[in-house]
Amino acid sequence: MTNAAQANIESLTGILARTFRLYIQTHGYHWNVEGPQFVQLHQTFEEQYQELWNSLDDIAERIRALGAYAPGSATALINLAGDEASPASTAEQMVDNLIAVHFDLAAKLRDAIVLAQNAEDEPSAGMLADRLEWHEKQLWMMQASRK
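This note's numbering puts the first residue of the sequence shown at 1, with every later residue one more than the last.
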């Protein structure tokens, strides 16, 4: 395996792990949000965590298609995901935390797209570009809600 191919797989694994962490965080916020924006945020968080959950399978299967093994436990994924967001006790803090994590994940996705292109892995680059587009839309909507 080439260095570019290995870097691509490692990058995809990192994206998988960060997506898993964001899924758990968003699902937790869905359960615990309260306040005047409860209904809107409860629904938004549900839509987000469902999209994140569904994306996990695509990312993991892409890793497998490249001949590597995807992390197979919650512990392995969390250990690969990096730092966890600060705790949030208000709806505003939840949205702010999600904005920060989506922003970070979007940056990681941009890097991952370059690595996939360097490895001449257009299917991964396309999948990652689709993920980036979704995260950027979530960022736009959440940032607009905080104005």
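For glycine and all other residues, C-beta sits at the position ideal for the given N, C-alpha and C.
Residue from the options with nearest C-alpha to residue i
i      : options                          : result
Pro87  : Asp96, Asn79 and Tyr23           : Asp96
Thr19  : Leu132, Met141 and Met142        : Leu132
Ala7   : Trp134, Ser89, Gln37 and Asp121  : Asp121
Met142 : Gly28, Glu47 and Ile9            : Glu47
Ala64  : Phe103, Leu98, Lys108 and Pro123 : The sequence shown places Arg at residue 64, rather than the Ala named in the question. The option with the nearest alpha carbon to Arg64 is Pro123.
Trp134 : Glu51, Ala100 and Ala125         : Glu51
Asp130 : Met94, Ser55 and Ala144          : Ser55
Where residue i falls, given that 16 or more other Cβ within 10 Å makes a residue buried
i      : result
Arg146 : exposed
Arg62  : buried
Lys148 : The requested residue 148 does not occur in the structure, where the chain is confined to residues 1 to 147.
Ser89  : exposed
Span separating the alpha-carbon of residue i from that of residue j
i      : j      : result
Trp31  : Tyr23  : 12 Å
Trp53  : Thr2   : 31 Å
Gln25  : Ala116 : 27 Å
Asn79  : Pro36  : 35 Å
Gly67  : Asn118 : 17 Å
Phe150 : Leu98  : Since the first residue of the chain shown is 1 and the last is 147, residue 150 is not available in this structure.
Cβ separation of residue i and residue j, assumed to be a contact under 8 Å, to the nearest whole Å
i     : j     : result
Glu92 : Arg21 : With a Cβ gap of about 21 Å, Glu92 and Arg21 do not count as contacting.
Ala17 : Ala81 : 4 Å
Proximity below 8 Å, CB of residue i to CB of residue j
i      : j      : result
Ala74  : Leu12  : no
Asp58  : Met127 : yes
Asn45  : Tyr29  : Note that residue 45 is Phe in the sequence shown here, rather than Asn. Against a cut-off of 8 Å, the Cβ pair of Tyr29 and Phe45 comes out as a contact.
Phe103 : Leu77  : no
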